[in-house]
Amino acid sequence: LSAIPYFGPSLLEWIWGGFSVGNPTLQRFYVFHFCLPFALAAMSGLHIYFLHGTGSNNPLGLKSNSMMTPFHPLYTSKDVTGFIIFITGLLAISCFSPNMLGDPANFLPANPLVTPTHIQP
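In structure tokens, the structure reads:
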């Protein structure tokens, strides 16, 4: 942020809550990360509400409602089906092969006398 001309350093100081990262910065980022999913869910709900109320643009210019597909039975069931398949796949991986996505270094015995190579003093 400090690379932004004119107001970059002031913006950085305002976001940090001072001249360095401290407790106000951590509180702001915590609140931001807590509130952001709720804001996104609300925006998604508004999007679906207005899309359902007015309908989307029609490239063919058809005005009849018989050509329109209703949102609730079709797309809701498709979304729920996809969600169930995704969760089933994640549960299968975590229950039947939990080490499939793990790091091979996790299986090495711990040695308190040797520092791992990826940790630099």
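Here UniProt numbering is used: the first residue of the sequence shown is 1, the next is one more, and so on.
Glycine included, every Cβ here is placed at the ideal spot set by N, Cα and C.
Keep in mind the model is a prediction, meaning the values are calculated, not measured.
Which residues bound the alpha helix (DSSP H) around residue i?
i, result
"residue 12", "8 to 16"
Check whether the Cβ atoms of residue i and residue j lie closer than 8 angstroms to each other.
i, j, result
"residue 28", "residue 17", "yes"
"residue 47", "residue 71", "no"
On the three-state DSSP scale, how would you describe residue i?
i, result
"residue 31", "helix"
"residue 87", "helix"
"residue 99", "coil"
"residue 22", "coil"
"residue 119", "coil"
"residue 70", "coil"
"residue 4", "coil"
"residue 80", "helix"
"residue 105", "helix"
"residue 37", "helix"
"residue 92", "helix"
"residue 113", "coil"
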